[in-house]
Every structure is written in structure tokens, then in C-alpha cells.
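Read through the structure below, which is laid out as C-alpha cells, and then see the notes.
Protein chains in written order, with the working numbering: chain A, 15 to 336; chain B, -6 to 295.
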């Protein structure tokens, strides 16, 4: 009874020990499922990896065939008195085992590109990060000031928000061809896609955050003699800063989700180029590793920014996370 | 309480009457003339304030009380310039008021300290808006913080302070601008009874020692009598002046006066004005029936 109430208390924070335990478990559980599917031969494993072709002429060592096909061929071989083929149950090539992906994390960085002109993995990753960076920074440079103005002045809001509200429903990738036509085939259109994907949401989110600032603070400032520009820069901006910072963290996550589409536009580049290239060579361990790397970079930046936020805004009450 | 023994709330001892005579000779700081305020709502037009007229003299302490919904807050917000009147005018030193300004300091019921600024920077805010240099502003701010006894918290952020401390900073922040009048909108309403009592005494102490006129909104009768020279009693729907009472309790005020004859007489009068026996209350009687199993063994049933 008491243990249930502790674990499932409605809207009560968990003790730190349980919190840590569950955080680890949230990563361990999917990994455990993956391990089961990969290492327990009787779970799934729809293929047979041929170890000895036996009397089946077109079987080759290391070949992956469907289980049904293998048993048919084995039966035919037995009827014809040919040697029976041998094989082990295996998963399809697109599901590498955890240990293979783990090794790929290292080997993908050390494997030389097939062609001289191609990039190493770390170069591809860095290229992706710069594309995100510029898309996000350009969007923020215009989006944050515009959002704050929309949230502060009804006139600015009326002039901008209806159109932005409409535009944000247009999927950013739809502008791919247009962006290439205008900006060429290199990084320009990619940055543009990330910009389009981020900017319109950003203006709306920032204006909303600005509106949430307690009006009483503005009124207090007015009675203290603050006017116009001071009201904006001495009250509105500092007042929303911590919340704005949290918005930026969420928006940065969105920017990442536009990365893959953006990098497919024009000449494929960055981590996306690496992923498509490796998939073509059927190096799915590398594909998995690259996808996981995106997640790791994303969550690492977010944790870093969260930690930085606590130092930047000492007036915030630090309770809970975020 | 035997109301027969109480004097009239209008009776004033000689020193009290002389004090009021002197007070009325003083210059007028704030004058409200035929003030009306109407709001347009979905249910049509609502009159929040109707034909309000009153004057406050220099260094006078005026409390405004009234039942909820009588437009107390609307009144003080209009005086501050945060709302504009539908008709009539508000004069400060004879000049009409159109917008908020530092000549009318305001202390709100909610905590409106800027959370991103330390106590010192909060108090410096108005001074810097006035164009004081950083150094002058800092010096003056520290004097005001000292005055409200929070020197050791000068570098703390508001979230590190108790409710009472926050309001003390808010008072210091408003006073630092050297306003002509200090407008206080139920400033101690959110505090616990003990803290409120201390804050009231502190406020009287501040008021006695500096040249400031105070207009103070409250719904607490004791608070109003304890603090005020005169009490402006409003009635609701629409918000109109019911009576302007001169408090006959002599100064300096002490907590012991809460049971003095003058205090009780004034309080009784306020009760009559604010809680008149209404039909509404009587049409909704309670139906208390002694539950059979409750407490017969604890206390005999009458």
C-alpha cells in the first residue's frame, strides 16, 4: 500500500532515488526490447543465415533467406538426396544488434570515406550543426524581436499574426524546390528550410510568452515613471527572459527535426548524406549509430542549455526541472 | 457589547477637533471632482463609480472602505492614472491627471516587485527612470531601504523575501520617487494577521516621519480606523460616497485603542454603513439541525 502511494501519488514529485531510477529505466527499457529481439533466437528472427549451402546450388555462405524458403529448399534437397543446407536464424539486415551499432559509433568515425571527395563522419556532423545553427540564429534574430513586439503592441500583433498564423500551416519542405531555385543547391536552401520551419512558430510562441507577463508589473513600472522604450527594455524584456529562454530550447528541438528534410534538398549533405549513403551500402549499423547521434547531440545541447539557464537567471525559483 | 454606552462616532475630544481644524487649513493635494466611471461589458454598461467627490489635505491619511464590488480598486486605479474616468476629473495640486506618473506612488495588493531585480535595484528603478545617475540612485535607494529596515536584504531577490518584506520594499520603491501622494490598494490584504499588524504600525511610523499624504484602500474596518484621519465609505452598485467619517480616535494610535469607546463607536458606524441588514441575507437562511450523533456527550444540547 505505502509503496504504491509513493510511486503513484497523484501530482506529487518522486523522491530523488526513484527519479534517478526511472530516468535510467526509460532508456534501459527500449534497449532491453532491442536486446531481446536481437539476441534471443526464438523471438522474431524471420530469416536464416546460410552457414553451409549443402546441395542447394544457389545458396551461398552468409546469405539471408526467408525461413519458409529455406525449409522448402531443405525439403527439396532431402527428396533429391542432396546434402541438406545448414543455417542459423537471423534478423533482417536492417535490424543490427545493439553491439554492432555500439561498435559502429566508434568505427563510423574511423572509417575512411570511399571516395576522396567524400567527407568523414565528423565533417558531415559538423556541417549539419552549422546548418542548424545558421537557420536557428537567423530565425531568432528576426523572430524574437518581432514576437516581443507582437506581444507588447496590439497593432503590431494585428498586422503580423494573422498572416503568420496562416503561414505556419504551410509545411516547410514544400518550399524546397523554390528555395533551391532562389538560393542555389548548397547550404542556402537548407538554412532557408530550417528558417521557415522555425520562424513562424517562433513569432507566435514568443508573442504568447510576452503576453503572459503579469500586467501588474507593467502597471507598477508606469506608476514609477517608466515610459515607452523603458517599459519595453526595462520591464517586458527582462520580465520574459527566463520563459523566452525555455521557448528557445523547445524551438531548437524543432529546428533539429527539420534538419533531415533540409539536407535532402539540393545536394544531399551533412549527417543525412551519411545516412543515405550508408543505407545504400547496407551498413545499417552505421545508419542506426548516426540516427542515435542526432538524438544524443540534441539532448546534450538541451541539458547544457538547461544548466546554463539556472546560472543565467538567479532570480528564478529553482523547483523541479526545466 | 452594549451599544447604549458608546458615545456618538461624531463626538470629538478637543485635541482631536483642533487637529482636524488644522488639517483642513492645509493645502489640498488631491481633489476628485464629479468622478464617474462606466465599463462596457457583455451585459451592457456598468457604473463602477458614480459622482465621487472628495479632497485630501497635505499629510492626511485617508482610508477608503466599502463592500466588495463598490469600485474601491477602480477608484484608486483612476487616481493612479491606470484607468481613465468616463467623466469628471482628478486634480493633483490643482492640475488634472491623465496618465500614471511618479508623483502618485502606488503600492499594489499583489506583489509587484520586479523579480529580476534585487531589492536595491527595485528601489533604484524609479530614480533611474527620472534620470538620476546610477550612483545617486543607489545612494538614495539605500537610504529608503534602511528606512524600512531591510539593509541586510539589499542584494536579495524578491523571491527570497517574506510577503511583509516584499511590501516594505514596494513602499520604499514608491516613496523613493518622492511622490505627492502614496496610493495603497489593500497592500496588506495578502499578509497573515500578525504581519499585517506590524506592517500597519510600520506604515504609521513612516507616515509620521516624512511629508507624505496617503490614500489607503482596505476592507478591514479595524485597519481603517487604526490608520486613518478620515474614512471614505463607499457603497456598491453603483459605487458612491456613502459618508466621509472623521475618525475621533486620538493620535498617536496604539493597539490598546482598539477597545476604546471612540474606536468602537466608529467601528459600529462603519458596520452599519457597510453591512446594512439586507433582505438578500435574510432570504437565504441556514437550516441548522442538530445531527443526532454529534457531540451530545461532549456538550449538552440546549
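We put the beta carbon where it would ideally sit given N, CA and C, even for glycine.
Under a three-way DSSP split, which group does residue 207 of chain B fall into? Indexing the second chain from 1 puts residue 207 of chain B at position 214. Here residue 207 of chain B sits in strand by DSSP.
Okay, do the segment 123 to 143 of chain A and the segment 232 to 242 of chain A touch, 3+ Cβ pairs below 8 angstroms being the bar? no
Rounded straight-line distance, which links the Cα of residue 305 of chain A to that of residue 117 of chain A: The count along the first chain starts at 1 and reaches residue 117 of chain A at position 103. The count along the first chain starts at 1 and reaches residue 305 of chain A at position 291. Rounded to whole angstroms, residue 117 of chain A to residue 305 of chain A spans 14 angstroms at the Cα level.
Status (buried if at least 16 other CB within 10 Å, exposed otherwise) for residue 50 of chain B: Working through the second chain from its first residue, we reach residue 50 of chain B at position 57. Residue 50 of chain B is buried by the Cβ-count criterion.
Environment of residue 196 of chain A [buried if 16+ CB atoms lie within 10 Å]: Here residue 196 of chain A is taken as the residue at index 182 of the first chain, counted from 1. The residue is exposed, with fewer than 16 neighbouring Cβ atoms inside 10 Å.
Are any of the Cβ atoms in chain A nearer than 8 angstroms to that of residue 299 of chain B? The structure shown does not extend to residue 299 of chain B, since chain B spans only -6 to 295, so no value can be given for it.
Residues in the segment 90 to 110 of chain B having any Cβ partner in chain A nearer than 7 angstroms: 93, 94, 95, 97, 98, 99, 101, 103, 105, 107, 108 and 109
So, with DSSP's three-state summary, where would you put residue 310 of chain A? Counted from its first residue, the first chain places residue 310 of chain A at position 296. Three-state DSSP puts residue 310 of chain A in a helix.
How close, in whole Å, do the beta carbons of residue 173 of chain B and residue 96 of chain B come, if the pair is a contact with beta carbons under 8 angstroms? Taking the first residue of the second chain as position 1, residue 173 of chain B is located at position 180. Taking the first residue of the second chain as position 1, residue 96 of chain B is located at position 103. Between residue 96 of chain B and residue 173 of chain B the Cβ distance is about 5 angstroms, and since that is below 8 angstroms, they are a contact.
Alpha helix (DSSP H) runs contained entirely in the segment 199 to 251 of chain B, provided each spans 4 or more residues: 214 to 220
Would you mind listing the alpha helix (DSSP H) stretches within the segment 137 to 204 of chain B that are 4+ residues and don't spill past its ends, in chain order? 156 to 168 and 186 to 202
Whole beta strand (DSSP E) runs in the segment 15 to 44 of chain B with 3 or more residues, listed along the chain? 21 to 34
Leaving out five residues on either side along the sequence, give the residues of the same chain with a beta carbon under 8 angstroms from the beta carbon of residue 269 of chain B. The sequence position of residue 269 of chain B within the second chain is 276, counting from 1. Once the five neighbours on either side are set aside, residue 269 of chain B has no close Cβ partner at all.
What is the DSSP secondary structure of residue 274 of chain A, counted as helix, strand or coil? Numbered from its first residue, the first chain carries residue 274 of chain A at position 260. Reduced to three states, the DSSP call for residue 274 of chain A is helix.
In chain A, what lies closer than 7 angstroms to residue 117 of chain B by C-beta? By one-based count along the second chain, residue 117 of chain B stands at place 124. Those within 7 angstroms of residue 117 of chain B in chain A number zero; the least Cβ separation is about 10 angstroms.
Flag residue 297 of chain B as yes if its beta-carbon sits less than 8 angstroms from any beta-carbon of chain A, otherwise no. Beyond the ends of chain B as shown, which are -6 and 295, falls residue 297 of chain B; an answer cannot be given.
For the putative contact between residue 98 of chain B and residue 167 of chain B, defined by C-beta atoms under 8 angstroms, what is the C-beta separation to the nearest angstrom? Within the second chain, the letter at position 105 stands for residue 98 of chain B. Within the second chain, the letter at position 174 stands for residue 167 of chain B. Their Cβ separation, rounded to whole angstroms, is 3 angstroms, which keeps residue 98 of chain B and residue 167 of chain B in contact under 8 angstroms.
Name, please, each residue of chain A whose Cβ falls closer than 9 angstroms to the Cβ of residue 125 of chain B. For the purposes of this step, residue 125 of chain B is identified with residue 132 of the second chain, where counting begins at 1. The contacting residues do not exist; residue 125 of chain B stays about 11 angstroms from chain A at best.
Taking the alpha carbon of residue 133 of chain B as the point to measure from, which residue in B:31, B:38 and B:112 has its own alpha carbon closest? Here residue 133 of chain B corresponds to residue number 140 of the second chain, with the count starting at 1. Looking at the Cα atoms, B:112 is the closest of the given residues.
So residue 276 of chain A and residue 207 of chain A are supposed to be a Cβ contact under 8 angstroms. How far apart are they, rounded? In the first chain, counting from the first residue as 1, residue 276 of chain A sits at position 262. In the first chain, counting from the first residue as 1, residue 207 of chain A sits at position 193. Confirmed, about 4 angstroms.
Hey, does residue 270 of chain A have any beta-carbon neighbour from chain B nearer than 8 angstroms? Position 256 of the first chain, counted from the first residue, corresponds to residue 270 of chain A. For residue 270 of chain A, the answer is no, since every Cβ of chain B falls outside 8 angstroms of its Cβ.
Residue 170 of chain B touches chain A at which residues, Cβ-Cβ below 8 angstroms? Start at 1 with the first residue of the second chain, and residue 170 of chain B comes out as number 177. 238 and 239, listed in chain order.
Give me the subset of the segment 218 to 237 of chain A whose CB atoms are less than 8 angstroms from a CB atom of chain B, sorted by chain position. 228, 230, 231, 233, 234, 235, 236 and 237
Could you work out which residues of chain B lie near residue 253 of chain A, taking near to mean beta carbons separated by less than 9 angstroms? The residue labelled residue 253 of chain A in the question sits at position 239 within the first chain. Those within 9 angstroms of residue 253 of chain A in chain B are 107, 108 and 109.
Give the residues from the segment 296 to 308 of chain A that approach chain B closer than 8 angstroms (Cβ to any Cβ), ordered along the chain. none
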